[in-house]
Amino acid sequence: MTVSITSYLMVALILFCVGLYGALTKRNAVVVLLSIELMLNAANINLIAFSKYGLYPAVAGQIFTLFSMTVAAAEVAVGLAILIALYRNKETVNVDEMNQMKR
Amino acid sequence: MDVKDIFSYDWSYLLPEFIILGFATILSLLDLFAGKRLGRQVIGWLSLAGVVLAMVFVFVNVNVLDKPYSYMADMIRVDDYGNAFKLLFLGGTAFAILISLSYLKKGEVTHKGEYYYLMLTGLLGAMVMASSADLITLFVGLELLSLSSYTLVGLRKRSLQSNESAFKYVVSGGIATAITLFGMSYVYGLAGTTNIYEISFRLAEAGMAGYQFLVYMAFAFLAVGLAFKISAAPNHMWAPDVYQGAPTPVTAFLAVVSKAAGFSLLFRVLLISFFNVNDGANRFFFQEGSLYLGVMAAASMIIGNTMALRQTNVKRMMAYSGIAQAGYLLVPFVPPTTLFFGEVIFYLFGYLLVSFGAFAVIMVVTREQGTEEIKGFAGLYHRSPIMAIAMSIFLLSLAGIPVTAGFFGKFYLFMGALAQENYWLAAIMIVTSVISYYYYFGIIRQMYMRPGTSEAPLAVPKGIWTLVFVLALLTVFFGAFPGLVTDYVQLHFNPSFDFGNMLPVDFQ
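For the record, the sequence lines run as chains A and B.
According to the working numbering, the stretch in the first sequence is residues 1194 to 1296, in order.
According to the working numbering, the stretch in the second sequence is residues -18 to 489, in order.
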């Protein structure tokens, strides 16, 4: 039994929405970074699914995924480094308390 | 496109990129191995030398290349469109490094070596963004610029404000990246390729085959995600916080180089990929697509200019002003005409001169006053007339008052909108420009008419003084003779009105 492309796209879309919801609502900075990873991985699922079931199946999607995974890893490394620097100055990972700058 | 041996390419056209990459690598090694005795100013001067050298080779490319030269199926593509933007990035980074040389003398930033070569890697990312026609390389270039600038923003490690703005930048940047990537994944799914020239035909087929909805969705995702880099609505909220917390030269770098890079990417990807999509009668891009971008432009102009009114922090005010400028710059894209390329390049050129000048003055004044409030400018005219006059010129140019480069930039955009019968957008542009006079003149009022806390002459570092003086002169000069730039752009970058030979021959 083959799984249709729609299922893959739905999973990716749900994952993307969960990630976006998490990134916008969660208080813990680490969870926010995790949620962003979810969004990026949702895009990866899309790319992989399309590279087999897309209108023009081609391997380029899988290559793209390799690049985007690398980039996501670099991004979360930078994000955590900045979070650690922040934690050193103000012992909190609660994003609600990051309100130094006025509106 | 057949596979070519990697050595059969003429790699000399990529010299600007190689130079920046080489300097970034060597300087990072130098910083690692050259103990404490080496003054880190040396790294700054060396990176400046690298930027200038790369600029020379871009000029060589401009004169040597008639046709676009493509590497590995357009993974990197040296064309006039990219070259014009590259000159802007290189010029902007050179100014940013010049300002930094003075900024870093006082020890807020402890990692000075990193500061300079991160700026170079950011510049490299921007250059890749401007000269690639493949989604993968474009994405990697975008992220190279983003990651470098996240770190640059957070380099004042002991300042809580800087940490916080860097973290906000990472989070909002990460969300924007994910949205962009998600859009790219739909584009890839419909086209089965990452080359944007092939995408442009495949997307048109997909649109005809009943997948319009996915095409539109991909367009919306891409537009929203890429709006982040140019700090246009709806993805502008990061700008004020990041601009405020970042070291001032980095703010200027973000305001000009990063924004121009965002524009080069946005224009190229959206224009080429969606150019052929149509419903049989009308091209999608010139109807709904343009309208969408027009709404983004209008929202940016309105939000930027009205929110700037209530700012008391000068860097936040400049951030909102930058959001408004992003709105103006989207106007010629609604819909794009053959003139849009020249208009955009001239506007960005004027904006580059003015922003760096303004941020240099802001840096000197905020440092000396120990506050970033607009009140810090009070009495500047009595303390340093040259700085006050130069700052007035920059602000007038940002506001778009005649005999400055900014006036002609805005004038061209405005005339372009009128020629397209885009009256609503032109009207919003005029009204919001008038609103913007209020906050620009707020600073001028402080400088000339309010008594400052002291009357002592302002100590301006020599380098900054020269830079500000030259930039002010250039702003007035190109305000008087804008033709010098527009003719140069037309002659060297856009002789056949094809957006700096970005469009392939079989388009139209």
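Backbone N, C-alpha and C define an ideal beta-carbon position, used for all residues, glycine too.
Computed from a predicted model, the values in this text were never measured in an experiment.
Own chain residues within Cβ distance below 7 Å of residue i, not counting five before or after
| i | result |
| --- | --- |
| Ile1241 of chain A | Gly1254, Gln1255, Thr1258 |
| Val457 of chain B | Ile374, Val384, Thr385 |
| Tyr84 of chain B | Pro228, Thr229, Pro230, Met344 |
| Thr91 of chain B | Lys138 |
| Ser271 of chain B | Val315, Pro316 |
| Phe450 of chain B | Ile367, Ala371 |
| Gly1212 of chain A | Ser1228, Ile1229, Leu1231, Met1232, Ala1235 |
| Gly357 of chain B | Val346, Thr347, Gln350 |
Residue i, DSSP secondary structure in three states
| i | result |
| --- | --- |
| Ser140 of chain B | coil |
| Arg264 of chain B | strand |
| Pro442 of chain B | coil |
| Asp115 of chain B | strand |
| Phe478 of chain B | coil |
| Pro317 of chain B | strand |
| Asn1221 of chain A | strand |
| Glu179 of chain B | helix |
| Tyr419 of chain B | helix |
| Arg58 of chain B | strand |
| Asn1287 of chain A | strand |
| Tyr301 of chain B | helix |
| Thr259 of chain B | Sequence inspection shows Asn at residue 259 of chain B; the Thr mentioned does not correspond to that position. In this structure, Asn259 of chain B counts as strand in the three-state DSSP scheme. |
| Ser365 of chain B | coil |
| Ile1261 of chain A | With the sequence shown as reference, residue 1261 of chain A is identified as Ser, and Ile is not the correct amino acid for it. Helix. |
| Ser51 of chain B | strand |
| Asn294 of chain B | strand |
| Glu436 of chain B | coil |
| Glu89 of chain B | coil |
| Glu95 of chain B | helix |
| Glu354 of chain B | strand |
Proximity of residue i and residue j at Cβ, strictly below 8 Å
| i | j | result |
| --- | --- | --- |
| Gly360 of chain B | Arg431 of chain B | yes |
| Ala331 of chain B | Ser378 of chain B | According to the sequence displayed, residue 331 of chain B carries Gly and not Ala. Yes, the pair counts as a contact, with Cβ atoms nearer than the cut-off. |
| Ile326 of chain B | Ile304 of chain B | no |
| Ile80 of chain B | Pro316 of chain B | no |
| Phe1260 of chain A | Ala1235 of chain A | no |
| Ala213 of chain B | Ser281 of chain B | yes |
| Ala77 of chain B | Met56 of chain B | no |
| Ala369 of chain B | Tyr273 of chain B | no |
| Gly206 of chain B | Ala172 of chain B | no |
| Asn64 of chain B | Asp115 of chain B | no |
| Leu235 of chain B | Met110 of chain B | no |
| Ala453 of chain B | Ala371 of chain B | yes |
| Ile1 of chain B | Ala30 of chain B | no |
| Gly1247 of chain A | Gly170 of chain B | yes |
| Gln22 of chain B | Leu68 of chain B | no |
| Leu320 of chain B | Gly397 of chain B | yes |
| Phe266 of chain B | Phe255 of chain B | yes |
| Leu1202 of chain A | Asn1237 of chain A | no |
| Val168 of chain B | Ala199 of chain B | yes |
| Phe389 of chain B | Ile382 of chain B | no |
| Asn1292 of chain A | Leu141 of chain B | no |
| Ala241 of chain B | Phe70 of chain B | yes |
| Tyr178 of chain B | Leu290 of chain B | no |
| Ser365 of chain B | Val415 of chain B | no |
| Ser(-11) of chain B | Arg58 of chain B | no |
Cβ neighbours of residue i in the same chain (closer than 8 Å, five flanking residues each side left out)
| i | result |
| --- | --- |
| Ser239 of chain B | Gly103, Ala107, Leu126, Ser130, Lys210 |
| Ile24 of chain B | Leu8, Leu11, Asp12, Lys93, Gly94, Tyr97, Tyr98 |
| Leu1226 of chain A | Val1269, Gly1272, Leu1273, Leu1276 |
| Glu269 of chain B | Tyr197 |
Rounded distance between the beta-carbons of residue j and residue i, thought under 8 Å
| i | j | result |
| --- | --- | --- |
| Gly135 of chain B | Ile1207 of chain A | Incorrect: roughly 33 Å between the Cβ atoms, too far for contact. |
| Asn286 of chain B | Thr413 of chain B | 4 Å |
| Tyr52 of chain B | Met483 of chain B | Incorrect: roughly 16 Å between the Cβ atoms, too far for contact. |
| Glu324 of chain B | Leu394 of chain B | 6 Å |
| Ile355 of chain B | Thr293 of chain B | 6 Å |
| Gly122 of chain B | Leu333 of chain B | With a Cβ gap of about 20 Å, Gly122 of chain B and Leu333 of chain B do not count as contacting. |
| Val258 of chain B | Gly191 of chain B | So it is not a contact: roughly 13 Å between Cβ atoms. |
| Val37 of chain B | Ala75 of chain B | Going by Cβ atoms, the distance from Val37 of chain B to Ala75 of chain B rounds to 12 Å, so no, they are not a contact pair. |
Cut-off 6 Å between Cβ atoms - residues of its own chain near residue i, not counting five sequence neighbours on either side
| i | result |
| --- | --- |
| Asn1287 of chain A | Arg1220 |
| Ile1229 of chain A | Ala1216 |
| Ala278 of chain B | Gly308, Leu311, Val312 |
| Ser153 of chain B | Trp219 |
| Arg297 of chain B | Pro221, Gln225 |
| Ala5 of chain B | Tyr98, Leu101, Thr102 |
With three or more beta-carbon pairs closer than 8 Å as the criterion, would you say the segment 338 to 347 of chain B touches the segment 408 to 415 of chain B?
Segments in contact, no.
Residues of the segment -3 to 13 of chain B with a CB closer than 7 Å to any CB of chain C: list them in chain order, please.
No chain C is present in this structure, whose protein chains are A and B.
Using a Cβ distance threshold of 8 Å, determine whether the segment 140 to 158 of chain B contacts the segment 250 to 266 of chain B, with at least three qualifying pairs required.
Between the segment 140 to 158 of chain B and the segment 250 to 266 of chain B there are fewer than three inter-stretch CB-CB distances shorter than 8 Å, so the stretches are not counted as touching.
Between the segment 34 to 41 of chain B and the segment -11 to 9 of chain B, are three or more C-beta pairs nearer than 8 Å?
Verdict: yes, contact present.
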